[in-house]
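Protein chains in written order, with this note's numbering: chain A, 5 to 383; chain B, 221 to 655; chain C, 2 to 533; chain D, 9 to 282. Virtual Cβ for every residue (Gly too), placed ideally from N, Cα, C. As the structure is a prediction and not an experimental result, all values here were calculated from the model.
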Amino acid sequence: MASSQNWLLRPFQERSTQLFLGVLFTALVVVTFLHLFMPQDSALHVSAYTVTLLGKYLCYALLAVAVDLVWGYLGILSLGHGAFFALGGYAMGMYLMRQIGDRGTYGDPVLPDFMVFLNWDSLPWYWQGFDMAWFAFIMVLLAPGLLALVFGFLAFRSRVTGVYLSIITQALTFALMLAFFRNEMGFGGNNGLTDFRDILGFNLRTDATRLGLFIATGIALAIGYVICRAIVASKLGRVSIACRDAEARTRFLGYRVERVQLFVFVVSAMLAGVAGALYVPQVGIINPSEFSPLFSIEIVVWVALGGRATLYGAVIGAILVNYAKTVFTGVMPDAWLFALGGLFVLVTVFLPKGIAGLLQKRHKTKPDDDTPTRQEATA
Amino acid sequence: MTIKKHVKLGLSALALSVSLNAMAAEDPIKVGILHSLSGTMAISETVLKDTVEMLIEKQNAEGGVLGRQLEAVVVDPASDWPLFAEKARELLAKEKVDVIFGNWTSVSRKSVLPVVEELNGLLFYPVQYEGEESSENVFYTGAAPNQQAIPAVNYLMNEIGVERWVLAGTDYVYPRTTNKILETYLMDQGVAKDDIMINYTPFGHSDWQNIVSDIKRFGSAGKKTAVVSTINGDANVPFYRELGNQGISASDIPVVAFSVGEQELSGIDTGPLVGHLAAWNYFMSVDSDANYDFIDQWVAHTGDEEAVTNDPMEAHYIGFNMYIEAVKKAGTTDVDAVKDAIIGVSVPNLTGGYAAMMPNHHITKPVLIGEIQDNGQFSVVWETPSTVAGDAWSDFLPGSKDLIADWRKPMSCGTFNTKTGSCGASAGEMAAADE
Amino acid sequence: MGILRSLTLLLIALASALSLPATAQEDDPGTALLTNLAEAPNSKVEEALNAIVSSGDPRARGWLEAYGNNRLSQVKNTGQVVVVLNNRGRDWKIANPLTGENMGEMSRRELDRVAINNAIRGQLGGILAMLDLNAPDPDVREASAQDMMGKVDALLVEPLEARLELEESAKVRNRIEEALAIYRVGEGDLDAVEVLAGSLHPRARASLNVAVRGDDPALAAKAKQALSTIEQKLKLNRAAETLYFGLSLGSVLVLAAIGLAITFGVMGVINMAHGELIMLGAYTTWGMQQLLPGQPGLALILSIPAGFMVAATAGIIIERSVIQYLKGRPLETLLATFGISLILQQLVRTVISPQNRTVVTPEWMSGSLVINDALSLTLNRMYVLGFALVVFAALMLIMRRTRLGLEVRAVTQNRNMARSMGIRATRVDIMTFALGSGVAGLAGVALSQLTNVGPNLGQNYIIDSFMVVVFGGVGNLWGTLIAGLSLGTINQLLEPWAGAVLAKIIVLVFIILFIQKRPMGLFPQKGRAAEG
Amino acid sequence: MSIFQELANRDQVFDFLAPVQSPVDVRHGPILYMEDVNVSFDGFKAINNLNLTVDDGELRCIIGPNGAGKTTMMDIITGKTRPDTGSVWFGSRHNLLTKNEPDIASLGIGRKFQKPTVFEALTVFENLELAMATDKRILPTLTAIMKPEYRDRIDEVLQTIGLQELRDRLAGILSHGQKQWLEIGMLLMQKPRLLLVDEPVAGMTEQEMERTAELLTSLAGKQSVVVVEHDMGFVRSIARKVTVLHQGSVLAEGTMDQVSNDPEVIKVYLGEEA
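This is the structure in structure tokens:
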């Protein structure tokens, strides 16, 4: 146990994290280079389209890491993480809407187009402050964090566990979806928020901004990954696993299981919020369908596919599934659901530990230095 | 190590596929089709994909255009709105298509809009919509509210003598806007506020018991009552079933729907619905040779004797032919040239008349009111004496009554304010970005 | 209902027409009458109709019915008026309205429909109802008298009064009196208000409302009084109606969830493909109706076993091919079955069609059971409610009283022990999953009568189903029943004042808060389960 | 970073080497006191007017046929089950009925489950680490570092339970008996004032049993130990005072000899067999 004194620095000593960060940063640099310095017609040129696409994958990867943190290490199968993702996205979307200013269709200096359209005469109170970037960015963390705090406090306090917890997380996101669909809510209803112009003064419709967002997402993923890894490698991480595997035992050891769960759950929700916030400017729209329970289930599928309780597996899963989706929806538009559905079935049946399980098998001879054989058992 | 290798392989594969496609032969004219083939909207959108494919086939059989063949590029945005934007970008940036036919829902159009504008593409949008939009790069071949809702209400008011109105819709922007326009319009016509009931339901709403019972009650006030329905797609079947079962017949309280066409009726037992109404710009039962030919062609294409046609299909038919004409006129598929050439192009529609592209990128259409028959078809009971030009900005909304759109040079503006005589901010910026 | 009845009448009329000389006579007056109708502009249609009625031609009724049903067309070339027997597709079957002689098929292009609209159809309804008032069956007379309500005009008053003199049946008399009273209130008759004071019929209320707004203060006051009496009666009816709505929605939830209560509650399989199994049941109904055209009722009844079998077979295939490999990994069943649900949805889209399919409601399930004029219970929903209860009772019997039920309970409680006692656990797994899936299929058969039959059918119910099962307490069938019915009722009680969306949100929030209070649902599985 | 450092330092205040500051007041009587406790599940009376006192430093064995309420009694003491009526005191200061499981555990009551419950996905070492008496709040746990003293302490306990060889293996691969030992080791790490041990020797060999007996006896005196056991031989080998539970209440209490000659007890046990 050659652990660092500081819990946040600990992950940097793990081989898996070093490898992960290495791969991630190499990818960022390579893509940036290929995008900027390769001529347009070169075979190696990475177009702005691809950059944005990769940026989107990285957002999903961060979201998957957040889900893996609670599912893999805490044993809480959240079928409502899309809600936190969407809330972060909406916070960012509101900022971007306010940035449009009087350039909207109706030229109203304050009200977004959809409000003019629906005859709102003033900005609702919860839209105040979103014209300031710092406020919006705090809300990106705070909105999902607070929701997770309240929801988690209620749920964990009364020891709602297992499938009951999963189902009420689903109920949560479903209720939010219905609420955000309502035009009276003031979030643009089904159309959501769209037609963004710029972020922090940079025009969103230029390739440079796209590249910047892609890099920012990569860095956010790296930070998110390190934070999760740090939690997992700390004693708290081991307590989390303890809560997951034998909740009562942990409680009798004197740990307040519900607080451990709450802490990790809130951290995870905030990470999901950040992922959502980075997602919105890259895809250009946020609408209530991100709250859809099916989307939340899909996130879980990415994690399972990549390999639960490994963190990097979640990243692989998210990128792989979404890449497959991009390819299949273009190549075989009529039949891609067969491929995707089949993939889910095959992986769960034949690769119970996901893709990470496959990788681990290959590395079995060289176990991780600090946690000998743990990951195998947790998958 | 292996991870790194995999990622690198993946990345270079991606890069390779991108560039390979870019190098593909420039020869055929590429037509992008952006309709959901899976997810909730597949119900409505798949036939539109088939329609465009059929039109392309036919055009190719006739020798293509400008001596070039057309080639369909189909992608599936899977009823996922951000995916619409991504796929639009894929079509324009990666596949380099010359034109896109696509979208159904407003939200998907809103999602695609910035992409099409940024990459200067062409989009033909075939569905009736809420208006309040005019983009340089989008051609709206479906009905604007003044081409559907207002004539329908006029018909009910003048021919049936309706005095009391239920505006029922799914809670999204099209019903909201339409109902807003109608509310203003009805009140201008002297209808009291008490005589208008507005109700919104979520997508896919399936339990209509309470609402239908409310409508029944609302209708027993002694004034002729009608329901103006902007209920979307799937929710209609349970709605009409409940109407039938609670014994509301068309002669008591007629329902006029703006989103129910032949395609939707093909999922309903129309027996109990005979006499309820729909307002469209085309019905499959329209008695014209162009229509019969189109139906024959469609039946042959699908191989299904029972296959039905509907209004958005006609919109694509018109849009596609307009595009072909514009390309011929411009002599090139260059987007800017086609954009300029298409204004004023006039092609036959399926109801026996002609549709012309207006400077605001909307087209002229006749408005038809049809009654549902027991064979799942509509019989036309009324139509406008001449075609109506689509109005991008409604005259009945306070924010937009002074706005017009005109994309002819030198004005080239989607939001020209006739009061201030200046072009709105958004278009100004767009024009600046173009230079 | 009305249409189908009319259709049978049309057939009778045509049959009687057949008994007439089979060859068309050159100078048949019908030709002129029909051509006159076909070519009349909107303003002249009424005249043309009256001409037909007053001609006394025995075939008139058939012509009017055909006209009302949009079945009269004119051949473009010859101007001959024909009856369209089948107006689906591009070629229509036509017959001669004068002789009933079949004229084979003709392309739609060649035919010009004789136009009719709602206004004319309303007048036609009055005329036909008038004819029906002389029918021998008092029920038919009552129905037609009811049709007359609100349609009485100055022309009809006299024949109606004459009819009232002759009428023997009390209920028909009441109806005719009400129908007349509605007309008379409009004319300012104070006594007529008395007649309407007891009526719950919407038309009666409508005419009273008009009177309240009218110029005659005495009449207005009286009408107002009558209305308030009616309102009192309506309140009770409305409460009963809301309760019925609630139970009906509840029964739908129970049906959708009860199969899940078995696969998920008893076996612990989180079956995300449950919705698609429901969908299969609904498609089976559609398939049966395609196989038995013209007999929707029989097809529906046969669909009950067929839907069960189809869904159960699909369930067995899913269990054997996937779920058996996921024993003890319940969360992973979620992922695999999610994949299966995607596949099944797309399969239906590819093999059948992405569009919704039409499932016909048999006549005995259409319309409603009339308790009184203000309260009528829709028949299709009543059948579904009853069906839900029957399915529930049958399941309870199976679980409590049969060998299979015993084995299922044994296996779920202690798999190893059950196996060592000679129970073939694998077989029990298959049977249980097939049972749960089959019940989902039954739900699909029922839902096909209420909602869309399309590829998205399942998705709309899967989340609600899980909510119901969890709210009721996993593993408890009674819990599922109570949970479904109570959630449905709560939803419908909230809807009138909160609106449909908000009502649903409130119900969801209620479930979330309820689970906080009772983390194991309404009826938790009790016992001193030793801590693991 | 410095904030975290500071937080980490605070940990030292709770150094386990410092004398356990269990504020349990035993000057005026027993360490555990249960009076008139009643619990019923669905009408079934699991605990029926139970009265039980355990003195400080005592080793008490509790026996009784299946369903006598032994495990339920433990659940009540550790806060898992709330009784319908009655009072339960830890020392003369702490009313256990107002506290939850982690509070009770922090007060110094440790519990070993009937079925051995260890964290199978963690190593033996980590299992003991988690059990160690430290600040168990969130942030201190997050920033906790492994100090040499902790390591020594864990090694010491590993020695005691004889699992040094398996130090870095996952607990999941241990045999049943080894898991029992590990769980006892975790109890030792907690340094509780009162140990509740549910069937400690189930699944152990004769030899292991002997060692367990030795360990438990050695603990008594410093700590109070309550053992629930079925194995009469084992009970006889360690017991000083035995309580017999039957149908949720105390049937008899005394030395092993006294109890085993009690006619009531014989009847209950024989009746059980018959």
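Counting along the chain, Asp-465(C) sits inside no beta strand (DSSP E); it lies in the alpha helix (DSSP H) bounded by residues 458 to 473. Annotation: the continuous beta strand (DSSP E) that includes Pro-568(B) extends over 566 to 568.
Neighbourhood of Glu-333(C) in chain A, by CB distance below 9 Å: Ala-308, Thr-352, Val-353 and Pro-356, in chain order. For Val-55(A), no beta strand (DSSP E) run applies; the uninterrupted alpha helix (DSSP H) run containing it begins and ends at 52 to 78, by DSSP. With its beta carbon at least 7 Å from every one in chain B, Ala-193(C) lies outside the interface.
Here the alpha carbon of Lys-548(B) sits roughly 42 Å from the alpha carbon of Leu-344(A).
At a cut-off of 7 Å between C-beta atoms, Thr-109(A) counts as an interface residue with respect to chain B.
Arg-214(C) is positioned such that its CB atom lies no closer than 7 Å to that of Ile-183(C).
Cα atoms of Pro-520(C) and Phe-29(A): separation of roughly 45 Å, rounded to the nearest angstrom.
For Ala-470(B), the closest of Gly-283(B), Gly-590(B), His-255(B) and Ser-566(B) by C-alpha to C-alpha distance is Gly-590(B).
Among the CB atoms of chain A, one or more fall inside 7 Å of the CB of Pro-110(D). For Glu-525(B), the closest Cβ of chain C is nearer than 7 Å. Using beta-carbon distances, Ile-263(B) counts as an interface residue toward chain C, with a partner under 7 Å. Of all alpha-carbon atoms in His-202(C), Ile-431(C), Ala-163(C) and Ser-108(C), the one lying nearest the alpha-carbon of Asp-148(C) is that of His-202(C). Proximity to Phe-24(A) across Thr-314(A), Ala-47(A), Ile-104(A) and Tyr-61(A) peaks at Thr-314(A), based on C-alpha coordinates. Close partners of Ile-172(A) in chain C (Cβ separation under 8 Å): Val-471, Ile-512, Ile-513 and Ile-516. Against chain C, a Cβ distance below 7 Å from Asn-430(B) picks out Phe-246, Gln-493, Glu-496 and Pro-497. The C-beta distance from Ser-226(D) to Asn-56(D) rounds to 35 Å, too long to meet the 8 Å contact threshold. The way I'd put it, the region 327 to 342 of chain A doesn't touch the region 278 to 294 of chain A; fewer than three beta-carbon pairs between them come closer than 8 Å. DSSP, read as helix, strand or coil, puts Ala-510(B) in helix.
Within chain B, Leu-257 have C-beta atoms less than 7 Å from the C-beta of Asp-338(A), given in sequence order.
Exposure of Leu-156(C) is indicated by the presence of fewer than 16 other C-beta atoms within 10 angstroms of its C-beta.
Where Val-353(A) is concerned, the enclosing alpha helix (DSSP H) starts and stops at 340 to 354.
Note that the C-beta distance between Leu-256(C) and Ala-389(C) is below 7 Å. For Phe-157(A), the uninterrupted alpha helix (DSSP H) segment begins and ends at 137 to 161.
In the structure shown, Asn-280(B) falls within a helical segment according to DSSP collapsed to helix, strand and coil. The beta-carbon of Ala-510(B) is placed no less than 7 Å from the nearest beta-carbon of chain C. When only Cα atoms are considered, Gly-105(C) and Thr-433(C) end up about 54 Å apart.
Pro-605(B) has a beta carbon lying at 7 Å or more from every beta carbon in chain C.
Excluding residues up to 5 positions away in sequence, Ser-74, Gln-75 and Lys-77 lie with their Cβ nearer than 7 Å to the Cβ of Asp-113(C) in the same chain.
Chain order gives no chain D residues near Lys-60(A), where near means a beta carbon separation below 9 Å; the closest approach is about 32 Å. With three or more CB-CB distances shorter than 8 Å, the region 54 to 74 of chain A counts as touching the region 211 to 225 of chain A. Residue pairing by DSSP places Phe-49(D) opposite Phe-52(D) in a beta bridge.
Glu-261(D) carries a strand assignment under DSSP once its states are collapsed to helix, strand and coil.
Using a CB distance cut-off of 7 Å, Arg-176(C) does not count as an interface residue toward chain B.
A contact between stretches requires three or more CB pairs, one per stretch, nearer than 8 Å, and the region 141 to 150 of chain A fails this requirement with the region 472 to 491 of chain C.
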